[in-house]
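From first to last, the protein sequence lines stand for chains B and U. Residue numbers for the first sequence follow my numbering, so the first one is 493 and each next one is one higher. Residue numbers for the second sequence follow my numbering, so the first one is 1467 and each next one is one higher.
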Amino acid sequence: MSADRTAALLWSATLLGAAAAAATYLVYGGPRFWANWLLWFIFLLSIALGALFLVALEHLVAARWSVPLRRIAERISSLLLPLAAVGVLALGSLPALYPGSRPEAAADPVLAGKASWLGLPFFSVRVVACAALGLLALAVLVRGSLKQDRDPDPRYTIRARRFAPVGMAIFALSISQAAFDWIGALEPKWYSDVIGVYLFAGAFLSGLAATVLAVLYLMGRQRLQQIRFDHVYNLGAWLFAFTVFWGYIAFAQYLLMWYGNLPEEVVWYLPRTGGAWLPVAILVFVLQFLIPFFALIPMDAKGDLKRLRWVALVVLAAHWLDIYWLIFPVLGRSLVFSWPELGFALLFIGGTLLCLRRAMELGEDMPVGDPFLKEGLEFRL
Amino acid sequence: MSETFAVLGLFDNAEALVKAVPGLKALRLGRLEAYTPYPVHGLDDLLGRRRSPLAGMVLVMGILGALTALGFQLWVAAVDYPLVTGGKAPTSWQAFVPIMFEVTVLFASFTAGLGMLHLLNRLPFFGHPVLQSKAIRGITRDRFALALEADEGGAGFDPAAAQAALETAGALEIEWLPAPAREPFLTAVFIQRSLAGIAVACLVSGLIMYGSVQMMPVALPMRHMLDQPRVDPQQPSSFFKDGHSMQLPVAGTVARGFLPPGFTTPEEAGRLVNPLPRTPAVMARGRAAYQTHCVVCHDPLGTGLPSLSAAYGAKPANLHTDAIRGYPDGQIYGTIVLGKNAMPSYAADLSEDDRWAVVHYVRALQRAQNAKAEDFQ
């Protein structure tokens, strides 16, 4: 398929999806519309943040092997720019989805105590602050790296390495805050300290999966010719490792809350592991942990392009389902899935792919100005 | 001197060694083995080593570990002795997962470690001829050695041809290694046999112990405190003819201090006079008896408001009411002997003197709650 036809197809999918989204608002009203909006915002945000974390991690530990692959993660993290706008728009979901932000919350003694925190003014301040910090990290890490393509000066690398530890702290705080605000506040009487780590585990996993898919896509177009088996193997090994990390975190939170059986903890799991949502919960665990785990156990599988492609797709689908399972039970006890969800999928997948097609042309395919690129290309297991 | 075990050729760097491998391998002069100070990538493939079966072993043992832990916990918690813990069902799989995870890691890591070292590499092997060679110091530092080794039995190995081949391939130094003169002390086989011996000894002694306990129940190995001259509940006494361990009093006799009362109601007992003097010793005796038997219901002050009344619903008498303060001594004595309302008789618990001492003590309690001005003089 020619490039123009692909673009036309993506544009028409996006526009069709936008029409379906508008129709959703008119037919089903606010909550359904905003739940979908929030779902896609969190899903795409975690991919972009996961990719940015990958970039920051490479600078933090001064990794050499991943230098040839860094540009791909940088390009994916540039999704943060449009996502900042999507996130600010998502504030529209505040009264519709969040019981703690409604006026009647003042009648509830627990929610009244949280009103100043969950109310729209301070909520917006936090969202804008997190977005600003994310864009700052993007500017230092990614824009500097893109500039280095034309101006091969090591000072960009030095600056990125100095920024990386600070960026990590910012990242940890802001992704925790995002998880508490956007996900935890859906059940305002729920307490969980680990939900931030839970979102981080999913974010890193899906950022990694998106990077794998982009690398395979570019390799399929005869770009990234110098990438060897060893680099791909390392990506696969990382995907494998963080599959286990996600499973560990997800189960740890569930086990402790199941065992303690405290009202302020099980309020989250009761609707999400009961009735129609139990099969979804099981499916999330199977897709995000069991299948990738067993698919990536053999040594050859981690460097097998075909297998990595479908495992990465499964991981992304599982992460989407995971966020769906976190958010949608606020709409009701029965499963909510029909044409509005498909419409939103068209809108956001189309839009994201359009953005990524342009992002994949950012700079060179590899950070050619990076002083460690040669060493990275020579990497062997 | 015995026959030659191997011919060792030394190279300066890994590249030279890797380059020499294919040619030497094609000549088939013996088993080709490499000794290097660090792992050289790709050497395993060049030498034609098979893919290690370790990964599969670890996978199988890991799954086995998970199933073992699951089986153990299911058996203990749900089948053999079902126990509700924390209000959860006995078959709560969630609680089993941490143990399953740990045992999976345990089985898998033991398999990986012991399997790699012992089963696959046959370690420890202290008597390896290369360890005795002059070249070993270099091999552990900066030299790379290729060895052509005699196959098991050593038939058909030509050391001279091997030396020539190694020199042609670019070896800088050559060393002939003699076969080990005797079996080395700590071989893998020795350790395997020792472990197997220990396992068999444990199994046999365990079975003997089990059998002797199961099949000879009379010969309990240790009785100690089980052997006591006492009558256990529900067991007949062998000491008395009637089999009872507690005997009834002989007909027509009365035990000392337990004369039957000469009255049938407390009021009737009102005519009795307290025979005991009001001395400190008598007061102390009355206080001790009161605090042993009366205090649970009537409370230390005699108000009748103790904690037990809430549990049983009874309302013990307040000893400070005008009615009870107006009782003659004998009526209080009679109440102790016969009981009143829900209060049972305490005749069996308190001797006659104890009862009269308690009467004195109750009088003292009543006086303490209703003190007159002269009591404070």
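All residues carry an ideal CB built from backbone N, CA and C; glycine is no exception.
| Asked | Found |
| --- | --- |
| For the segment 500-567 of chain B, list the alpha helix (DSSP H) runs that are entirely contained and at least 4 residues long, ordered along the chain. | 522-552 |
| Since ILE789(B) meets chain U, which of its residues come closer than 7 Å, beta carbon to beta carbon? | LEU1525 |
| Can you give me the Cβ contacts of ILE1605(U) inside the same chain, cut-off strictly under 6 Å, excluding the 5 residues immediately before and after it? | TYR1501 and ALA1611 |
| Could you give the residue range of the beta strand (DSSP E) that holds TYR1501(U)? | 1497-1501 |
| Who are the neighbours of LEU747(B) on chain U, taking C-beta pairs under 9 Å? | GLN1560, ALA1561, VAL1563 and PRO1564 |
| Could you spell out where the beta strand (DSSP E) holding TRP1541(U) opens and where it closes? | From DSSP, TRP1541(U) is part of no beta strand (DSSP E); its letter is neither H nor E. |
| Residues of chain U with CB under 9 Å from TRP750(B), in chain order? | LYS1554, SER1558, GLN1560 and ALA1561 |
| Please report the distance separating the alpha-carbon of PHE1576(U) from that of TRP1642(U). | 38 Å |
| I'd like to know whether the C-beta of HIS1507(U) is nearer than 7 Å to at least one C-beta of chain B. | yes |
| Please look up how many angstroms separate the CB atoms of LEU630(B) and SER570(B), rounded, as I've assumed it's under 8 Å. | 7 Å |
| Could you tell me whether the segment 539-551 of chain B touches the segment 559-576 of chain B, using the rule of 3 or more Cβ pairs below 8 Å? | yes |
| What whole-angstrom Cβ distance do ALA1472(U) and LEU1614(U) have, given they're in contact under 8 Å? | 6 Å |
| Does GLY611(B) come out as helix, strand or coil in the three-state DSSP assignment? | coil |
| List the endpoints of the continuous alpha helix (DSSP H) containing THR844(B). | 831-851 |
| Report all residues from its chain with a CB closer than 8 Å to the CB of PHE614(B); omit the five preceding and five following residues, and keep chain order. | SER608 |
| Among GLN1658(U), GLY1537(U) and ARG1751(U), which residue has its Cα nearest to the Cα of LEU1589(U)? | GLN1658(U) |
| So ALA1521(U) contacts chain B; which residues on that side make the cut at Cβ distance below 9 Å? | ILE789, PRO790 and MET791 |
| Are ARG478(B) and PRO859(B) closer than 7 Å when you measure CB to CB? | Only positions 493 to 873 of chain B appear in this structure, which leaves residue 478(B) out of reach. |
| When DSSP labels each residue in this structure, what does GLU679(B) get in the three-state scheme? | coil |
| Identify the residues that DSSP records as bridge partners of ILE1640(U): which are they? | GLY1475(U) |
| Alpha carbon to alpha carbon, how far is PRO1519(U) from ALA733(B)? | 22 Å |
| Counting only runs that start and end within the segment 781-818 of chain B, where is the alpha helix (DSSP H) found for 4 or more residues in a row? | 783-788 |
| How would you write the range of the alpha helix (DSSP H) that LEU1614(U) sits in, first residue to last? | Note, LEU1614(U): premise wrong, no alpha helix (DSSP H); beta strand (DSSP E) at 1610-1615. |
| Return the CA-CA distance between VAL1655(U) and GLY1663(U), expressed in angstroms with no decimal places. | 12 Å |
| I need the boundaries of the alpha helix (DSSP H) containing PHE743(B), first residue and last residue. | 721-752 |
| I'd like to know if the segment 701-716 of chain B and the segment 784-802 of chain B are in contact, where contact means that at least 3 CB-CB pairs between them fall below 8 Å. | yes |
| Is it true that the CB of LEU589(B) sits closer than 7 Å to the CB of VAL822(B)? | yes |
| From which residue to which residue does the alpha helix (DSSP H) around SER1671(U) run? | 1654-1681 |
| Taking PHE777(B) as the reference, give the member of ALA742(B), PRO790(B) and ARG647(B) with the closest Cα. | ALA742(B) |
| Are the C-beta atoms of ARG872(B) and some chain U residue less than 7 Å apart? | yes |
| Across which residues does DSSP place THR1719(U) in a beta bridge pair? | Answer is none; THR1719(U) lacks a bridge partner. |
| As a quick exercise: from THR1787(U), GLY1796(U) and PRO1782(U), pick the residue whose alpha carbon is nearest that of ALA1807(U). | Going by the sequence as given, residue 1807(U) is Asn instead of Ala. Taking only the C-alpha atoms, the option nearest ASN1807(U) is PRO1782(U). |
| Looking at the unbroken alpha helix (DSSP H) that takes in TRP760(B), where does it start and where does it end? | 755-764 |
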